[in-house]
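In my numbering, the protein residues as written are 4 to 288.
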């Protein structure tokens, strides 16, 4: 943990903003949880990628499961709102109900299931993480079953994907050209990297708008050409992704997140093993 963490937290508390904290939970001792509880932190999002050490530790390091569990328990003991966040991959998609049951047992406010964003370490180990189209469809069936059981306790992008898939089945399909509207990136949020670079979203971690060592956040937020561009919709045409013409899953791959196709829409198809939902395309690859 940064030595100046509480200095930063004190400064944030003087601003009219909503404060949340994302953490792996491993450093949250009883003493630290008690100290954190004195601050107006709205909620704590704790990463948990399995309901046991056998599933979680290969993601996060040996011994991390027990430390994360202790961190969650310490926060909940201090009456802090804890949301468990699980990144769903080929390694843990069979363990989701166990994670929900564990979240219930611990007293979490909910469990969030998100798809993988292939940046950072995830980009290095994508072959171990990526799910086949068949596994993805099986996952959606499981998510529907879990939502019927646990209702609003569940959230996350996987839930949204299940809803989109239902719409596709009801013939709410997309055709080219696709209009991609702005999302939260550069409109209600941005990401500040540890090295001071500011990017609109962690989905495009390497696309930077300026560095806080040289430019104020106010200047970047209001005047960055990159931020201004992402606040406008973009149209993806057939010439950009000719391989995807006629695919019924266009919406799943390209819509809903302005950042994902930012660089070049065709690059998503180049990495179809990571993103594609079309089993026919994958078998012909």
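Beta carbons are placed, not taken as given, at the ideal position from N, Cα and C, and that holds for glycine.
Could you have a look at residue i and say whether DSSP puts it in helix, strand or coil?
| i | result |
| --- | --- |
| residue 188 | strand |
| residue 80 | helix |
| residue 10 | helix |
| residue 221 | helix |
| residue 50 | strand |
| residue 25 | strand |
| residue 63 | helix |
| residue 155 | helix |
Going straight from the alpha carbon of residue i to that of residue j, what length do you get?
| i | j | result |
| --- | --- | --- |
| residue 246 | residue 282 | 14 Å |
| residue 75 | residue 172 | 39 Å |
| residue 236 | residue 258 | 11 Å |
| residue 178 | residue 42 | 49 Å |
| residue 58 | residue 228 | 43 Å |
| residue 185 | residue 211 | 17 Å |
| residue 154 | residue 162 | 11 Å |
| residue 73 | residue 120 | 27 Å |
| residue 199 | residue 175 | 42 Å |
Please say whether residue j and residue i have beta carbons closer to each other than 8 Å?
| i | j | result |
| --- | --- | --- |
| residue 181 | residue 239 | yes |
| residue 77 | residue 49 | no |
| residue 204 | residue 194 | yes |
| residue 10 | residue 44 | no |
| residue 52 | residue 89 | yes |
| residue 40 | residue 82 | yes |
| residue 94 | residue 61 | yes |
| residue 99 | residue 116 | yes |
Can you tell which of the options has the C-alpha that lies nearest to the C-alpha of residue i?
| i | options | result |
| --- | --- | --- |
| residue 85 | 114, 202, 52 and 197 | 114 |
| residue 197 | 207, 215, 206 and 189 | 215 |
| residue 244 | 230, 224, 225 and 267 | 267 |
| residue 265 | 255, 183 and 220 | 183 |
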